[in-house]
Amino acid sequence: MHSVDLSKYAKALEADDGECLYVVGEISDLAQKAQRELDVATYLPPIVVGSGEGATFAYAALADAPDNTLGGAVGIGFENRLGLKLRFCPGAKATPALPFSIKPRQTLRAPAFRVARLNSLTE
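Each residue of the sequence shown is one higher than the one before, starting from 17 at the first, in this note's numbering.
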């Protein structure tokens, strides 16, 4: 598991001057690097997990991902808004505005789970 602070990552994304964001490549690169460092023999596609705005980010990344790129997504407290200057491309369609909302895709390439609220975790 590797944690990324969405607010800090969003600031880095804001510096991008393109027309849209493709974060799936960065997520895959991070997963590959981490698994190499852990000496994992077989590559495991990353599962993106987020809460609140991070849940929207996780869903948008999964909707944008080509087949066999991400292992899935988990969203906790999905808010359907993402305060980024640029939209994700070319997957889920976003309505123009800041923050923008993500329109659901009919089919996703990997499982997605939505958890309404998480009060505590127990093992």
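Just so it is clear, CB atoms sit at the ideal spot from N, CA and C, and this is done for glycine as well.
- Taking residue 104 as the centre and dropping the five residues before and after it, the same chain places the C-beta of 37, 76 and 80 closer than 6 Å to its C-beta, in chain order.
- Excluding residues up to 5 positions away in sequence, nothing lies with its Cβ nearer than 6 Å to the Cβ of residue 23 in the same chain.
- With contacts defined as CB atoms closer than 9 Å, residue 73 and residue 98 qualify as a contacting pair.
- Shown here for residue 70: same chain residues with a beta carbon closer than 6 Å to its own, the five before and five after excluded, namely 22 in chain order.
- Comparing alpha-carbon positions, the option among 29, 68 and 20 lying closest to residue 93 turns out to be 68.
- In the three-state scheme derived from DSSP, where H, G and I count as helix and E and B as strand, residue 91 is classed as strand.
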